[in-house]
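Undergrad: The structure under discussion is supplied below as structure tokens; questions concerning it will follow.
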Amino acid sequence: MTSPATPDAHAAADSGTGYGRAPSSHDARLTEVGPGTPMGEVLRRYWHPVASAEALTSDVPHRTRILGEDLIVFRDGQGRAGVVFERCAHRGSSLFYGRIEEDGIRCCYHGWKFDVQGHCLEQACEVDGGRRRNLARQPWYPVEERYGLVFVYMGPPEHKPPLPRYECLESLGDGERYYSSWPVPGSEVTGMEADYNWLQLYENAVDPVHASWLHSQHSGFQFQGTGTTGFPESYYDPRTVAERVTYHRTPFGVKYVQSYEDKKGPDGRPVTLDWVVELQVPNVLALPDFVRVTPEARHDMLIWVVPSDDTHHRMFYAIRAADPGRMESFAFGIKQNGKDNWQMTDDERQKYPGDYEAQRSQGDITQHSEETLAPSDRGVVMLRRLLRTMADDVAAGKAPLGTGTPGEPARPVDSGVFVRGERDGAA
Ligand code: FES
Ligand SMILES: [Fe+2]
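Numbering (the working numbering), first residue to last: 9 to 435.
Structural data, given as structure tokens:
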């Protein structure tokens, strides 16, 4: 005869149910980007891409949002790029409806005109163009152009660092140019926006094991690898990936090295290859060409993950290449059931999920209180630790890692596909 189960025995049998859990929360210190927030103040110590330089013409102004601030980016008739607040300093109409002129942008409401530094050049409906126009100032931010991108600095003026240079993007080779404009309608000038927190995308870049599941085992191989080696199945193998990846601190961030055996290396013989990705904080990412998978001497691309606000971000890239197909392959290089993500129906997304489905479904901002981290999350943990340290540094009045110093040489970037043992400084 068995005795009736006590209430305690039931509780033990059914442990871990969802009943009575505390409300979930995100780590605001890591993720929120508005003015005055810890990470917002970190991010405001660096330059961020705001537009493709090539796609930004003097035709019309463009509306964007960066770090929770609504901004207008434009190029005046003299070719100078400018970033100003969207609300006109007069009575608040949007400069999105403004007109671009030779020396600035003119508001549609009463014709005030501002130059790229927000100086009020004219108040069209006031006597003499506004005798007190010098007192009006449209809030603006410093801008610089490099590598095919327009960069903006939104931080304290006294801490404005030089815009960093990167070895991999310096010195165009024969026939090379910079590619930076998304070939997707609506995204050509101000980038490709996604509707979830920036850190979900950025930390995905230091989570290589997701490629061993999401992009290969869950619903088929999604990378369109070509080149001399492509992606052999040994690259993905989820049973061995944990042992094939190492994570490292670098002078400017973190990187991982993922090794795999390839039965057909560049010279046709079996070889061990290293796939290397580096993240330079706070939001730069160096990813090898994930379509043309070929050991190469020099990496050719950087990606910036720029927060629009707490729940949106934009991706910008700069590619140094001679082949226009290089840019196309970056934009369209991952296929889900043979399609681009935006071509899929909801049913197809459920059956063939990719990066967007995995990252977006973590939430507008992922709920850190609900996570259960494992050893293969080591890269994510390293990145978050670094970002937290940077927030501490800014709060303590110190410069965070990698803001840059005058005269600093171009930064090395460790990314690419390498034959193990055939490069200097290999991890
Ligand atoms: S609101 Fe812009 S000129 Fe009046
Ligand atoms: Fe991915």
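Note that beta-carbon positions come from the ideal geometry of N, C-alpha and C, so glycine has one too.
Model, not experiment: these values are computed from the prediction.
Pull up the distance between the alpha-carbon of residue 38 and that of residue 395, whole angstroms please.
TA: Counted from its first residue, the sequence shown places residue 38 at position 30. Counted from its first residue, the sequence shown places residue 395 at position 387. Cα to Cα, residue 38 sits roughly 7 Å from residue 395.
Undergrad: Please state whether DSSP places residue 10 in a helix, a strand or coil.
TA: Position 2 of the sequence shown, counted from the first residue, corresponds to residue 10. Here residue 10 scores only 49 on pLDDT, less than 50, and its place in the model should not be relied on; the value that follows carries that caveat. Note: residue 10 maps to coil in three-state DSSP.
Undergrad: Is it right to say residue 9 is buried, meaning 16 or more other beta carbons lie within 10 angstroms of its own, or is it exposed?
TA: Mapped onto the sequence shown, residue 9 falls at position 1. With a pLDDT of 44 at residue 9, under the threshold of 50, the modelled position of that residue is not reliable, and the figure given next carries that caveat. Exposed, because fewer than 16 other Cβ atoms sit within 10 Å of the Cβ of residue 9.
Undergrad: In this structure, does DSSP put residue 155 in helix, strand or coil?
TA: Within the sequence shown, the letter at position 147 stands for residue 155. Residue 155: coil per DSSP, three-state reduction.
Undergrad: Hey, quick one: how far does the alpha helix (DSSP H) through residue 210 stretch, first residue to last?
TA: If you number the sequence shown from 1, residue 210 lands on position 202. Its alpha helix (DSSP H) spans residues 206–212.
Undergrad: For the beta strand (DSSP E) containing residue 2, name the first residue and the last one.
TA: With the chain running from 9 to 435 in the structure shown, residue 2 is simply not present.
Undergrad: Less than 7 Å between the beta carbons of residue 387 and residue 214, yes or no?
TA: What you label residue 387 is simply residue 379 of the sequence shown in a count that begins at 1. What you label residue 214 is simply residue 206 of the sequence shown in a count that begins at 1. Contact flag set, yes.
Undergrad: Residue 189 to residue 25, Cα distance in whole Å?
TA: Position 181 of the sequence shown, counting from 1, holds the residue named residue 189. Position 17 of the sequence shown, counting from 1, holds the residue named residue 25. Those two C-alpha atoms are separated by around 48 Å.
Undergrad: Using the beta-carbon count (16 or more within 10 Å), is residue 249 buried or exposed?
TA: Against the sequence shown, residue 249 aligns to sequence position 241. Residue 249 is buried by the Cβ-count criterion.
Undergrad: I need the straight-line Cα distance from residue 137 to residue 165, nearest angstrom please.
TA: To locate residue 137, count along the sequence shown from 1; it is residue 129. To locate residue 165, count along the sequence shown from 1; it is residue 157. Computed Cα separation, rounded: 30 Å.
Undergrad: Under three-state DSSP, which class holds residue 82?
TA: If you number the sequence shown from 1, residue 82 lands on position 74. Three-state result, residue 82: strand.
Undergrad: For a minimum of 4 consecutive residues, which ranges assigned as the alpha helix (DSSP H) are wholly contained in the segment 181–265?
TA: Fully enclosed alpha helix (DSSP H) runs of 4 or longer: 206–212, 241–244 and 249–252.
Undergrad: Could you please give the first and the last residue of the uninterrupted alpha helix (DSSP H) stretch that includes residue 356?
TA: As a first step, residue 356 is located in the sequence shown; it is residue number 348 there, counting from the start. Note, residue 356: alpha helix (DSSP H), 354–359.
Undergrad: With C-beta atoms as the reference, is residue 177 less than 7 Å away from residue 328?
TA: On the sequence shown, residue 177 is found 169 positions in, with the first residue counted as 1. On the sequence shown, residue 328 is found 320 positions in, with the first residue counted as 1. In this structure, residue 328 lies closer than 7 Å to residue 177 by Cβ.
Undergrad: Taking DSSP's pairing of strands, which residues face residue 281 in a bridge?
TA: Taking the first residue of the sequence shown as position 1, residue 281 is located at position 273. DSSP lists 268 and 427 as partners of residue 281.
Undergrad: Is it right to say residue 333 is buried, meaning 16 or more other beta carbons lie within 10 angstroms of its own, or is it exposed?
TA: On the sequence shown, position 325 is the one that residue 333 refers to. Under this definition residue 333 is an exposed residue.
Undergrad: Who are residue 293's beta bridge partners in DSSP?
TA: For the purposes of this step, residue 293 is taken as residue 285 along the sequence shown, with counting starting at 1. 287 and 311.
Undergrad: Classify residue 33: buried if its beta carbon has 16 or more other beta carbons within 10 angstroms, exposed otherwise.
TA: Counting from 1 along the sequence shown, the entry for residue 33 is found at position 25. Exposed.
Undergrad: Starting from residue 39, trace the alpha helix (DSSP H) both ways and give me its first and last residue.
TA: Counting from one through the sequence shown, the residue named residue 39 turns up at place 31. Here the alpha helix (DSSP H) through residue 39 covers 36–39.
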